[in-house]
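**Q** Residue numbers (the working numbering): 4 to 242.
Just so it is clear, CB atoms sit at the ideal spot from N, CA and C, and this is done for glycine as well.
Just so you know, these numbers come straight off a predicted model, no measurement behind them.
1. Compute the Euclidean distance between the alpha carbons of residue 78 and residue 102, then round it to the nearest angstrom.
2. Name the residue from 166, 128 and 90 whose alpha carbon lies nearest to the alpha carbon of residue 206.
3. Only counting the same chain, and skipping five residues up and downstream in sequence, which positions put a Cβ closer than 7 Å to that of residue 185?
4. Should residue 81 go down as buried or exposed, given a rule of 16 or more other Cβ atoms within 10 Å for buried?
5. On the three-state DSSP scale, how would you describe residue 141?
6. Between residue 163 and residue 120, is the Cβ-Cβ spacing less than 8 Å?
7. Three or more C-beta pairs closer than 8 Å, one from the stretch 43-60 and one from the stretch 95-110: is that the case here?
8. Taking contact to mean 3 or more Cβ pairs, one atom from each stretch, closer than 8 Å, check whether the stretch 83-97 and the stretch 137-150 are in contact.
9. In chain order, which continuous runs of the beta strand (DSSP E) of length 3 or greater are located wholly inside the stretch 82-106?
10. For residue 55 and residue 157, I'd like the C-alpha separation in whole angstroms.
11. Between the stretch 103-119 and the stretch 134-143, do at least 3 Cβ pairs fall closer than 8 Å?
12. May I ask you to report which of helix, strand or coil DSSP gives residue 208?
13. Taking Cβ positions, are residue 75 and residue 66 nearer each other than 8 Å?
14. Taking only three categories from DSSP, how would you classify residue 111?
15. Which two residues bound the contiguous alpha helix (DSSP H) that contains residue 43?
16. When DSSP labels each residue in this structure, what does residue 52 get in the three-state scheme?
17. Using the beta-carbon count (16 or more within 10 Å), is residue 61 buried or exposed?
18. Expressed to the nearest angstrom, what Euclidean distance is found between the alpha-carbon atoms of residue 95 and residue 142?
Encoded structure:
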């Protein structure tokens with residue numbers, strides 16, 4: 004056996020061993036927090052996401068599952084001093100860390116909220132937009148959660164969901180289980196509690212990005228792939 008063949012054989016064995024380790028430890032992979040991976044701004048594209056949210060100075064926005072505040076300060080800049088950002092977390096340690104960062108950065112239009120697993124504890128009827136980034140799949144009782152959330156939205160309030168996509172090809176085999184939600188599932192689950200998909204964007208490399216509004220009489224707009232389609236769903240009754 005030549006030296007080159009031996010090297011190729013060793014490389015193949017190492018690759019196979021790595022693959023088997025990854026497959027064996029998919030449950031451990033699921034515990035990884037993708038939002039803490041280095042270089043997040045390069046693939047999360049926060050400026051483009053916030054631009055797509057089409058916020059207005061003075062808006063009140065909630066970042067549910069705010070984590071380390073990655074989006075919080077982008078949102079705070081977008082709504083300006085007259086606006087307000089509610090940074091919601093359910094762990095006291097994360098809340099304290101967020102409060103520290105808000106103080107250090109000197110943002111007076113950010114309020115950190117200790118929410119509950121089943122309720123973000125936002126002020127009723129006060130929120131123009133709720134952002135959930137890599138959070139949707141963590142919510143256990145989504146039916147009740149998003150039904151309750153409607154009480155927090157203003158009359159034209161929206162819910163933006165940024166959620167990991169199912170990855171195809173070989174990488175799909177090592178994707179952490181339960182850490183992605185297809186757009187079709189998002190649409191079905193949100194639609195079941197009175198929301199309508201109104202916008203969808205495809206510029207994020209590994210995530211879906213969709214925006215919902217609470218369905219109201221006469222609101223039949225449906226947007227797919229970033230384009231407004233004015234026809235209602237086939238399941239909707241005629242006007």
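**A** Checking against the coordinates, here is how it stands:
1. 16 Å
2. 166
3. 169
4. buried
5. DSSP places residue 141 in helix when its eight states are reduced to three.
6. no
7. They do not touch, by the three-pair rule.
8. Inter-segment contact for the stretch 83-97 and the stretch 137-150 is absent: fewer than three beta-carbon pairs are separated by less than 8 Å.
9. 87-92
10. 19 Å
11. By the Cβ criterion, the stretch 103-119 is not in contact with the stretch 134-143, since fewer than three pairs of Cβ atoms, one from each stretch, lie closer than 8 Å.
12. coil
13. The answer is yes: Cβ separation under 8 Å.
14. coil
15. 43-47
16. The answer is helix: DSSP assigns residue 52 an H, G or I state.
17. exposed
18. Going by the C-alpha atoms only, they are around 18 Å apart.
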